[in-house]
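K.L.:
Number of protein chains: 2
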Amino acid sequence: MLSNACKYAIRAILYLAIHSDETTKIGVKKIAEELETPQPFLAKLLRQLTSNKLVSSTKGPGGGFFLDKNNKEKSIWDVICCIDGTHKFDKCFLGLSKCSDKNPCPVHSTVSPFKKKILNEFRDKTISKLVEEIEVEGTVISLKGFDLK
Amino acid sequence: MLSNACKYAIRAILYLAIHSDETTKIGVKKIAEELETPQPFLAKLLRQLTSNKLVSSTKGPGGGFFLDKNNKEKSIWDVICCIDGTHKFDKCFLGLSKCSDKNPCPVHSTVSPFKKKILNEFRDKTISKLVEEIEVEGTVISLKGFDLK
DNA sequence: CACAAAAAAGACAAAACGATCTTTTTTATT
DNA sequence: AATAAAAAAGATCGTTTTGTCTTTTTTGTG
Ligand code: FES
Ligand code: FES
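This is the structure we're talking about:
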């Protein structure tokens, strides 16, 4: 569904949403370690997010990445648009150029409701709202330190 | 979600399910034209499907691809397993190594139910059942000839 | 048998994606 | 001013995916 890049980006944003603010900035190195993602790759993604106003950053010693008030009002959907673009969600599951109720493919009726619902949730829920949920539900953005067998 | 290859394969199988049988075989050329897919690429995929018993074929003049009784009892899921493998459905939406209710990621609760539902439908519905539906509902596996603006 | 039609097989090319590395710019601290 | 820490920028590399091409094998037909 999403590219690796996009998954890293979303997790990084959530990490920043939880652990950073205007006065607590975090460097790529730390983020990459915590999320167990390739560091230079993540750096590039963070740049892209920063230039699209989804993440804030300051250079120099003590600098790093963080989310400000504005950034926290963005949504997962904004991140997806920024990194992957929307076409994956527009396209038909079987590769027809357009997914539409007008000329549905044979799996349209099973796939389409799902797509719409997820899309709405991703679009409507702000990062800060999502972080609230994370704190309540105890969900997880990294498996670092987990002992999976 | 699915690779291009897999989408082509599914559509090709559905095409064959509708238009072929033991006595009416169809060549790659025709199939590729009707589905508007790259011909040599599709040929390779059909070979793969054939060697996995999802499609039947005969060589020589008058030969071609077709679905026999057995082939029509397979499911979309079988095609996906054959071409893409299952890992895309096992993996977490945000890229955590395992998607599980045990250590859910922040979007697990919105994504997971749908994944399960779709997976079941793909697994349980045979190709022949699906073709029945296609005939009733008038869904479409190619946009060839459609005038989309 | 000779021929032609078709799939089977596999080598090869191009593009997208994933990831790394090096250099430059900015800036806080000494 | 010098230094060092950090992001910004961009060049580069490897792999996977996608797609093409050529050759071989099989087989029905005249
Ligand atoms: S038309 Fe294929 S998923 Fe909607
Ligand atoms: S754990 Fe992420 S989708 Fe299930």
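Chains R and F are the protein sequences, given in the same order.
First residue of the first sequence: 1, per full-length UniProt numbering; consecutive thereafter.
First residue of the second sequence: 1, per full-length UniProt numbering; consecutive thereafter.
C-beta: ideal position from N, C-alpha, C; glycine also.
(1) Can you tell me the Cα-Cα spacing of Phe93(R) and Val107(R), whole angstroms?
(2) Does any CB atom of chain F fall closer than 9 Å to the CB of Ser56(R)?
(3) Below 8 Å, is the gap between the Cβ of Pro104(R) and the nearest heavy atom of ligand 1?
(4) Specify, as a first and last residue, the run of the beta strand (DSSP E) that Phe65(R) falls within.
(5) Which residues in chain F have a C-beta closer than 9 Å to the C-beta of Leu130(R)? List them in chain order.
(6) Please list, in chain order, all residues of the same chain as Ser57(F) whose beta carbon is under 8 Å from its beta carbon, the five residues on each side excluded.
(7) When the Cα of Glu132(R) is compared with those of Ile18(R), Lys88(R) and Glu34(R), which residue comes out closest?
(8) At the level of alpha carbons, what is the spacing between Asn103(F) and Thr139(R)?
(9) Quick one: is Ile83(R) near chain F, going by C-beta distance under 9 Å?
(10) Have a look at Cys81(R) and Val136(R) and give me their C-alpha separation to the nearest angstrom.
(11) To the nearest angstrom, how far is it from the Cα of Lys98(R) to the Cα of Ile141(F)?
(12) Within the same chain, show all residues whose beta-carbon is closer than 8 Å to that of Met1(R), passing over the 5 residues directly before and after it, in chain order.
(13) If I'm right that Ile13(R) touches Val79(R) with Cβ under 8 Å, what's the distance once you round it to whole angstroms?
(14) What residues from chain R crowd round Asn71(F), counting only those whose CB sits closer than 9 Å?
(15) Pull up the DSSP beta-bridge partners for Ser56(R), would you.
(16) Can you have a look at Lys149(R) and say buried or exposed, based on whether 16 or more other CB atoms are within 10 angstroms of its CB?
(17) Kindly indicate which residue of Pro61(F), Glu36(F) and Leu130(F) has the alpha-carbon position closest to the one of Phe146(F).
(18) Beta-carbon of Leu14(F) versus every beta-carbon of chain R: anything under 9 Å?
(19) Kindly indicate which three-state DSSP category Ser75(F) falls into: helix, strand or coil?
(20) Please compile the residues from chain F whose C-beta is within a distance smaller than 9 Å of the C-beta of Asn103(R).
(21) Taking DSSP as the reference, what is the three-state secondary structure of Ile141(R)?
(22) Report whether the distance from the Cβ of His19(R) to the nearest heavy atom of ligand 1 is below 8 Å.
(23) Is there a C-beta anywhere in chain R that falls below 9 Å from the one on Gly62(F)?
(24) Got a sec: is the Cβ-Cβ distance from Leu42(F) to anything in chain R below 9 Å?
(25) Where do the ends of the alpha helix (DSSP H) carrying Ile13(R) lie?
(26) Is it buried or exposed for Lys116(R), if we count other Cβ within 10 angstroms and need 16 for buried?
(27) Any heavy atom of ligand 2 inside 8 Å of the beta-carbon of Leu143(F)?
(28) Confirm the yes/no value for this check: CB of Phe41(R), any heavy atom of ligand 1, distance under 8 Å.
(29) Rounding to the nearest angstrom, what Cα-Cα distance links Lys74(F) and Ser3(R) in this structure?
(30) Would a check of beta-carbon distances place Val111(F) closer than 9 Å to chain R?
(31) Please return the same chain residues whose Cβ sits closer than 7 Å to the Cβ of Ala43(F), not counting the five positions on each side in sequence.
P.N.:
In short:
(1) Counting from 1 along the first sequence, the entry for residue 93(R) is found at position 93. Counting from 1 along the first sequence, the entry for residue 107(R) is found at position 107. Rounded to the nearest angstrom, the two C-alpha atoms are 7 Å apart.
(2) To locate residue 56(R), count along the first sequence from 1; it is residue 56. Chain F contact via Cβ: absent.
(3) Residue 104(R) sits at position 104 when you count from the first residue of the first sequence. Because some heavy atom of ligand 1 lies under 8 Å away, the Cβ of Pro104(R) counts as near it: yes.
(4) Along the first sequence, read from residue 1 onward, the residue named residue 65(R) stands at position 65. From DSSP, the beta strand (DSSP E) with Phe65(R) extends over Gly64 to Phe66.
(5) As a first step, residue 130(R) must be located in the first sequence, where it is residue number 130. Against chain F, the beta carbon of Leu130(R) has neighbours under 9 Å at Pro106 and Val107, listed in chain order.
(6) As a working note, residue 57(F) is residue 57 in the second sequence. Closer than 8 Å at the Cβ level, and outside the excluded window around Ser57(F), lie Lys25, Leu46, Thr50, Gly63, Gly64, Phe65 and Phe66.
(7) By 1-based counting over the first sequence, the position of residue 132(R) is 132. Here the closest residue by C-alpha is Ile18(R).
(8) Walking along the second sequence from the start, residue 103(F) turns up at place 103. Walking along the first sequence from the start, residue 139(R) turns up at place 139. Using only the alpha carbons, I get a separation of about 7 Å.
(9) The residue labelled residue 83(R) in the question sits at position 83 within the first sequence. The beta carbon of Ile83(R) sits no closer than 9 Å to any beta carbon of chain F.
(10) In the first sequence, residue 81(R) corresponds to position 81, counting from 1. In the first sequence, residue 136(R) corresponds to position 136, counting from 1. Whole-angstrom Cα-Cα distance: 27 Å.
(11) Stepping through the first sequence from its first residue, residue 98(R) is reached at position 98. Stepping through the second sequence from its first residue, residue 141(F) is reached at position 141. Lys98(R) and Ile141(F): Cα-Cα distance of roughly 12 Å.
(12) Mapped onto the first sequence, residue 1(R) falls at position 1. The residues are Lys88.
(13) The count along the first sequence starts at 1 and reaches residue 13(R) at position 13. The count along the first sequence starts at 1 and reaches residue 79(R) at position 79. With 8 Å as the limit, Ile13(R) and Val79(R) qualify as a contact, their Cβ atoms being about 6 Å apart.
(14) For the purposes of this step, residue 71(F) is taken as residue 71 along the second sequence, with counting starting at 1. By Cβ distance, chain R contributes nothing, its closest Cβ being about 17 Å from Asn71(F), past 9 Å.
(15) Here residue 56(R) corresponds to residue number 56 of the first sequence, with the count starting at 1. Residue pairing by DSSP places Ser56(R) opposite Phe66(R) in a beta bridge.
(16) Counted from its first residue, the first sequence places residue 149(R) at position 149. With a pLDDT of 46 at Lys149(R), under the threshold of 50, the modelled position of that residue is not reliable, and no figure is offered here.
(17) Working through the second sequence from its first residue, we reach residue 146(F) at position 146. Of all alpha-carbon atoms in Pro61(F), Glu36(F) and Leu130(F), the one lying nearest the alpha-carbon of Phe146(F) is that of Glu36(F).
(18) If you number the second sequence from 1, residue 14(F) lands on position 14. Under the 9 Å criterion on CB atoms, Leu14(F) is classed as interfacial with respect to chain R.
(19) The sequence position of residue 75(F) within the second sequence is 75, counting from 1. Three-state result, Ser75(F): strand.
(20) Indexing the first sequence from 1 puts residue 103(R) at position 103. Identification of chain F residues near Asn103(R) by a Cβ-Cβ cut-off of 9 Å yields Thr139, Val140, Leu143, Phe146 and Leu148, ordered along the chain.
(21) Start at 1 with the first residue of the first sequence, and residue 141(R) comes out as number 141. Note: Ile141(R) maps to coil in three-state DSSP.
(22) Position 19 of the first sequence, counted from the start, is the residue given in the question as residue 19(R). Residue side-chain check: His19(R) keeps its Cβ at 8 Å or more from all non-hydrogen atoms of ligand 1.
(23) As a working note, residue 62(F) is residue 62 in the second sequence. No, Gly62(F) does not count as interfacial toward chain R.
(24) One-based indexing of the second sequence puts residue 42(F) at position 42. Judged by the 9 Å Cβ criterion, Leu42(F) is not in contact with chain R.
(25) Within the first sequence, residue 13(R) is the residue found at index 13, counting from 1. It spans Asn4 to His19 - the alpha helix (DSSP H) in which Ile13(R) sits, taken as one unbroken run.
(26) The count along the first sequence starts at 1 and reaches residue 116(R) at position 116. Exposed is the call here.
(27) Taking the first residue of the second sequence as position 1, residue 143(F) is located at position 143. No, since every heavy atom of ligand 2 falls outside the 8 Å radius drawn around the Cβ of Leu143(F).
(28) Position 41 of the first sequence, counting from 1, holds the residue named residue 41(R). No, Cβ of Phe41(R) sits at least 8 Å from all heavy atoms of ligand 1.
(29) Here residue 74(F) refers to the residue found at position 74 when the second sequence is read from its first residue. Here residue 3(R) refers to the residue found at position 3 when the first sequence is read from its first residue. Using only the alpha carbons, I get a separation of about 30 Å.
(30) If you number the second sequence from 1, residue 111(F) lands on position 111. Yes, its Cβ sits closer than 9 Å to a Cβ of chain R.
(31) Translated into positions along the second sequence, residue 43(F) becomes position 43. The answer, listed in chain order, is Val28.
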